[in-house]
Each structure stands twice: as structure tokens, then as C-alpha cells.
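J.: Let me begin by handing over the structure; questions about it come next.
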Amino acid sequence: EKERMQYGKGNSRVREWRTAILSSGEIPLDNGGADAATGKKIRLLSFEGKAWTKDAAHSERIKNTIEHHYGFMGEEFVKKMFRLKKDSIIRSYEKEVKKLCGMLQCGAYNKRIAAQLAMILIAGRILKNMEFGVDLEGVRNFLVENVNSTRGSEISYGNRAYDAVLADIAKNQARLEKRTMNGSAFEKISGGDIY
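What the sequence shown shows, in our numbering, is residues 127 to 321, in sequence order.
If you want it as C-alpha cells, here you go:
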């Protein structure tokens with residue numbers, strides 16, 4: 127939430143929150159464009175080309191289980207979460223971010239991604255406390271491997287700016303007046319906007 131001025135009362139209190147939403151679909155939400163903003167790349171983690179089920183029969187068993195037990199799990203999860211102390215959840219979250227940062231060689235960019243991934247792992251930890259068989263180490267390794275394979279390390283703003291300039295030059299070639307090293311024009315432009 128952004129800091130906002132309240133008339134006669136100074137700045138309002140800024141609340142912080144973080145959420146994670148898992149979604150599946152055929153088309154990635156970030157549409158994979160090279161021009162995607164950094165914030166968008168951090169917020170939308172995409173897991174493409176991963177086999178989530180062993181075969182069609184496995185997929186059907188999962189679907190049938192979900193259809194027969196839809197809804198009860200969320201309520202039990204929330205009850206369990208509220209029984210835990212807020213400080214212990216926050217400490218676990220901070221430890222998880224630190225562990226993920228070690229695996230991702232964190233700078234500012236990957237630290238924000240680690241914060242997103244930590245949310246998934248904290249949910250997994252709560253499920254494990256509910257006696258569900260959750261392989262937290264396996265989930266953590268899967269998440270880190272995906273980030274490392276799809277994002278590399280830090281985003282280079284210099285490279286992004288350079289790519290943007292090259293794209294603009296390519297798009298506007300007809301407006302560019304080409305000159306030799308001594309400055310004399312060897313390809314004049316007849317009229318219109320000249321860059």
C-alpha cells in the first residue's frame with residue numbers, strides 16, 4: 127500500500143502484505159514478452175514444460191479426489207494456520223527467504239523472487255504439520271531449479287535499455303540519416319522527421 131497524506135493528520139499508516147496465487151492454464155499469464163516489466167517478471171512465476179502427473183490415470187485419480195473432497199482442505203488449513211503464532215510463521219518465512227537466497231545468489235531481483243517462493247514453502251510446512259506427506263526439500267529444489275533455468279540471475283537494466291534503443295533504431299531506420307566517420311552524410315533523407 128502506498129503512503130498517503132490524510133488531511134490534517136499526516137501520513138496514513140502503510141500496511142504490508144504478500145499473497146501467492148497458484149493458477150494453471152495453457153497460456154502463460156506473462157505472455158513471455160521480452161518487454162515485460164521487471165515487477166511483472168517477479169510477481170508472475172511461470173513453471174512451463176513441467177510434467178505434473180505421471181500419466182493419464184494419475185491425472186484422473188487426482189481429479190476424482192479433488193471432486194470428492196473439494197473445499198474441506200482450505201478450512202482445515204486456515205484453522206491450523208490461525209493456531210500457529212504469528213511470530214513463528216514470520217520467523218519461518220524469514221529463514222526460508224534466507225535459505226532460498228543462498229540457493230539463488232540473491233541480489234535485489236532474486237531476493238524478491240525468494241520472498242514469493244517462501245510463501246509456497248511456508249504453506250507446505252503448514253501442510254506437513256497437518257501430517258500430509260510434503261517433501262519440502264524437493265519442492266524447494268524444484269522452485270529454485272525453475273527460477274535458475276528461466277530467469278538467470280539479476281536483470282541488467284543496462285542491457286534492457288540497450289535492447290530498447292536497438293529496437294527503436296530498427297523500427298525507425300527510414301528516419302536515420304547515415305553519416306561517415308568524418309561527419310559527411312552519405313545517405314540523405316528527403317523529408318519528414320529525421321533522427
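C-beta: ideal position from N, C-alpha, C; glycine also.
Check whether the Cβ atoms of residue 327 and residue 252 lie closer than 8 angstroms to each other.
T.: As shown, the chain starts at 127 and ends at 321. That puts residue 327 outside it, with no answer to give.
J.: Following the continuous alpha helix (DSSP H) through residue 209, name the residue where it begins and the one where it ends.
T.: Taking the sequence shown and counting its residues from 1, one reaches residue 209 at position 83. 198-209 is the span of the alpha helix (DSSP H), which, as asked, contains residue 209.
J.: List the whole-angstrom C-beta distance separating residue 243 from residue 269, where the pair is believed to meet the contact cut-off of C-beta under 8 angstroms.
T.: Numbered from its first residue, the sequence shown carries residue 243 at position 117. Numbered from its first residue, the sequence shown carries residue 269 at position 143. Their Cβ separation, rounded to whole angstroms, is 5 angstroms, which keeps residue 243 and residue 269 in contact under 8 angstroms.
J.: Report buried or exposed for residue 308, applying the criterion of at least 16 other Cβ atoms within 10 angstroms of its Cβ.
T.: If you number the sequence shown from 1, residue 308 lands on position 182. Burial call: exposed.
J.: For my contact list, residue 239 and residue 273 are in at a C-beta cut-off of 8 angstroms; report their separation, rounded to the angstrom.
T.: Reading the sequence shown from its first residue, position 113 is the one you call residue 239. Reading the sequence shown from its first residue, position 147 is the one you call residue 273. Going by Cβ atoms, the distance from residue 239 to residue 273 rounds to 6 angstroms, so yes, they are a contact pair.
J.: Whole angstroms are fine: how far does the CA of residue 250 sit from the CA of residue 171?
T.: Position 45 of the sequence shown, counted from the start, is the residue given in the question as residue 171. Position 124 of the sequence shown, counted from the start, is the residue given in the question as residue 250. The straight-line gap from Cα to Cα measures roughly 17 angstroms.
J.: Considering only residues of the same chain and omitting the five flanking positions on each side of residue 257, which have a CB-CB separation below 7 angstroms?
T.: Position 131 of the sequence shown holds residue 257. No residues qualify anywhere along the chain.
J.: For the alpha helix (DSSP H) containing residue 223, list its first residue and its last residue.
T.: Within the sequence shown, the letter at position 97 stands for residue 223. That run of the alpha helix (DSSP H) goes 212-230.
J.: If you reduce the DSSP assignment to three classes, tell me which class residue 137 lands in.
T.: Locating residue 137 in the sequence shown gives position 11, where the first residue counts as 1. Here residue 137 sits in strand by DSSP.
J.: Helix or strand or just coil, what does DSSP make of residue 297?
T.: As a working note, residue 297 is residue 171 in the sequence shown. Here residue 297 sits in helix by DSSP.
J.: Using the beta-carbon count (16 or more within 10 Å), is residue 216 buried or exposed?
T.: On the sequence shown, residue 216 is found 90 positions in, with the first residue counted as 1. That one is exposed.
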